[in-house]
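In the numbering used here, the protein residues as written are 561 to 719.
Even glycine gets a Cβ: it sits at the ideal position worked out from N, Cα and C.
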């Protein structure tokens with residue numbers, strides 16, 4: 561992180577961001593940029609093929625201690641149905657290396673892992689690279705174990 565960016569801590573959660581929902585696409589693996597590459601490329605290509613005047617939906621995402629949630633922003637504070645993912649089903653979150661304004665995360669959609677593609681990559685287009693990075697950092701904080709969170713919290717001692 562550079563000096564301009566404030567460190568995000570568990571105490572900063574929940575954090576809310578307005579982004580565009582790119583969509584979701586099956587992923588071949590549980591974690592790693594190699595498993596978000598094809599889904600992001602496919603979702604970006606689909607977005608480029610949208611007819612003139614058709615835009616991706618604006619969504620409000622919230623990263624909290626409970627996990628990750630997003631809902632379509634309908635207008636003047638109204639929200640559509642909320643989609644929620646607990647930290648138990650989120651396996652990976654990353655700012656894309658090619659499309660640096662895109663944040664993606666892989667979730668385990670089929671907990672039995674019996675389907676051909678139990679993993680889904682959800683992708684969002686952010687206003688800026690910095691916003692994509694902040695979302696990635698916030699999710700990373702959320703996915704840490706309680707032990708990791710306690711070890712890094714300020715003011716706590718072993719006494």
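| query | Is it right to say residue 625 is buried, meaning 16 or more other beta carbons lie within 10 angstroms of its own, or is it exposed? | reply | With fewer than 16 other Cβ atoms from the protein chains shown falling within 10 Å of its own Cβ, residue 625 counts as exposed.
| said: Can you tell me whether residue 693 sits near the ligand COA, meaning its C-beta is under 7 Å from at least one heavy atom of the ligand? | reply: No copy of the ligand COA appears in this structure; indeed no ligand is present at all.
| message | Could you compute how far the alpha carbon of residue 647 sits from the alpha carbon of residue 590? | response | Whole-angstrom Cα-Cα distance: 14 Å.
| query | Helix or strand or just coil, what does DSSP make of residue 680? | reply | Correct three-state label for residue 680: strand.
| message | Just list the residues that DSSP pairs residue 575 with in beta bridges. | response | 623, per the DSSP bridge assignment.
| Outcome for residue 662 when other beta-carbon atoms lying within 10 angstroms are tallied against a minimum of 16 | Using a 10 angstroms sphere on the CB of residue 662, the tally of other CB atoms reaches 16 or more, which defines it as buried.
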